[in-house]
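In terms of the working numbering, the sequence shown opens at residue 5 and continues consecutively.
Glycine is no exception: its CB is placed at the ideal position from the N, C-alpha and C atoms.
In this text, all values refer to a predicted model and were calculated from it rather than measured experimentally.
Worksheet: one structure, shown below.
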Amino acid sequence: MKVSINGTILDEKEAVISIFDHGFLYGMGLFETFRTYQGKPFLIEQHLNRLEKSCKLIGVNWKYDNNRILQEVENLLKANQLKDGYVRYTVTAGEGHLGLPTDVYSKYNEIIYMKALPAISEDLYKNGKALQLLDIKRNTPETDIRLKSLHYMNNILAKKEINETAEDKKAEGLFLTAEGHLAEGIVSNIFFIRDQVCYTPSIDTGILPGVTRAYVIEWLEKIGIQVIEGRFLWDDLMTADEIFITNSIQEIVPITTLYNLQGEKFEVGSGRVGSETKDWIKEYRSAIGGYE
């Protein structure tokens, strides 16, 4: 795999940064994950705008140049011989002294990782995915809102919980807040439908304000679907007609099975992908110019 560090494309074995980079020492860094369609990053301005705002919150003096980044992504796609790719754009605080700083970081590093997109699983969109309630709780956000930061321990421990205890190892894990409200998946935001109204946890629960989440909310409202953001409970999922999750790589993924902490299995609605979710997946792909 080829990667880009500060605009220079390198083989992954040659790509290095200082052990004194505060992204490594203290987790002071942020990233965005997105995909391309026909070589073009989707919702790139929204991703980079969120990244710039987040950098400002942690004192990293990074501002994006949309045209430059688009060119770097294009160059890296070519270097990796990919038409489309899974892209992770990372900004680390850069090299600093051993010790907690007070000054703004101005010598940041920009790293672009890339790999092939996962194969499209028709079974996933036909039969849906399982959602496993997690014992580990969602940690509190770094600031007033959650940042997509480099310290991902909460998510990694949640993934280990799935691997070690879940009946379905491919299930997405569902975090609750410390107060017991629905939060988000390990790598996704969650939505549920009841009586043709769509519900999703609000940002003030401490979830990541997902770019795809925001796009889906706006898009659903444009097509006349009421979306309510709020604080919800596990029981709300148990009585939902349909459930789906969103992220920038997999788009909209239907949830057809729920597992509670005791490993008990419950079907969502009829146990099959709901008609509304199925229609929305098709319309979403059409709206973004994605694959059929």
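Rounded to the nearest angstrom, the gap between the Cα atoms of residue 231 and residue 250 is 15 Å. Cβ-Cβ distances below 7 Å link residue 59 to 34, 66 and 95 in the same chain, with the five nearest sequence neighbours on each side left out; the list follows chain order. The beta carbon of residue 257 is closer than 7 Å to those of 128, 133, 248 and 249 in its chain, skipping five residues each way along the sequence. For residue 144, the closest of 182, 45 and 259 by C-alpha to C-alpha distance is 182. Across the set 75, 172, 71 and 36, the C-alpha of 36 shows the shortest separation from the C-alpha of residue 56. Residue environment for residue 157: exposed (fewer than 16 other C-beta atoms within 10 angstroms of its C-beta). Residue 274 carries a coil assignment under DSSP once its states are collapsed to helix, strand and coil. Secondary structure note for residue 136: its beta strand (DSSP E) is the uninterrupted segment 133-137. Under DSSP, the beta-bridge partners assigned to residue 118 are 91. Residue burial is scored here from C-beta neighbours: residue 20 has fewer than 16 other C-beta atoms within 10 angstroms and is therefore classed as exposed. Assignment of beta-bridge partners to residue 153 by DSSP yields 34. For a cut-off of 8 Å, the C-beta gap from residue 140 to residue 162 is around 5 Å, short enough to register as a contact. Residue environment: residue 113 is assigned as buried (16 or more neighbouring CB atoms within 10 Å of its CB, all protein chains considered).
In the displayed model, residue 20 falls within coil according to three-state DSSP, outside both helix and strand. In the DSSP assignment, residue 73 falls within the alpha helix (DSSP H) that extends over 70-83.
Contact check for residue 108 and residue 63: beta-carbon distance about 5 Å, within the 8 Å limit, so the pair qualifies. In this structure, the alpha-carbon of residue 79 lies about 10 Å from that of residue 73. Under the DSSP assignment, residue 280 falls in the alpha helix (DSSP H) whose first and last residues are 279-292. When rounded, the separation of the alpha-carbon atoms in residue 175 and residue 135 is 5 Å.
Collapsing the DSSP output to three states places residue 53 in a helix. Note on geometry: alpha-carbon atoms of residue 211 and residue 277 lie some 25 Å from one another. The Cβ-Cβ distance between residue 244 and residue 220 does not fall below 8 Å. Looking from the CA of residue 205, the closest CA among 235, 253 and 213 belongs to 235. Taken atom to atom, the span from the alpha-carbon of residue 188 to that of residue 260 is near 17 Å.
Under the 10 Å beta carbon count, residue 38 is surrounded by 16 or more other beta carbons and is classified as buried.
Put simply, the backbone Cα of residue 46 is about 17 Å away from that of residue 124. Only residues of its own chain outside the window of five on either side were considered, and among them 68 have a CB closer than 6 Å to the CB of residue 52, listed in chain order. Distance from residue 293 to residue 41 at the Cβ level is roughly 6 Å; contact confirmed, criterion being Cβ atoms closer than 8 Å. Non-local C-beta neighbours of residue 190 in its own chain, meaning closer than 7 Å and more than five positions away in sequence, comprise 159, 162, 163, 176 and 177, ordered along the chain.
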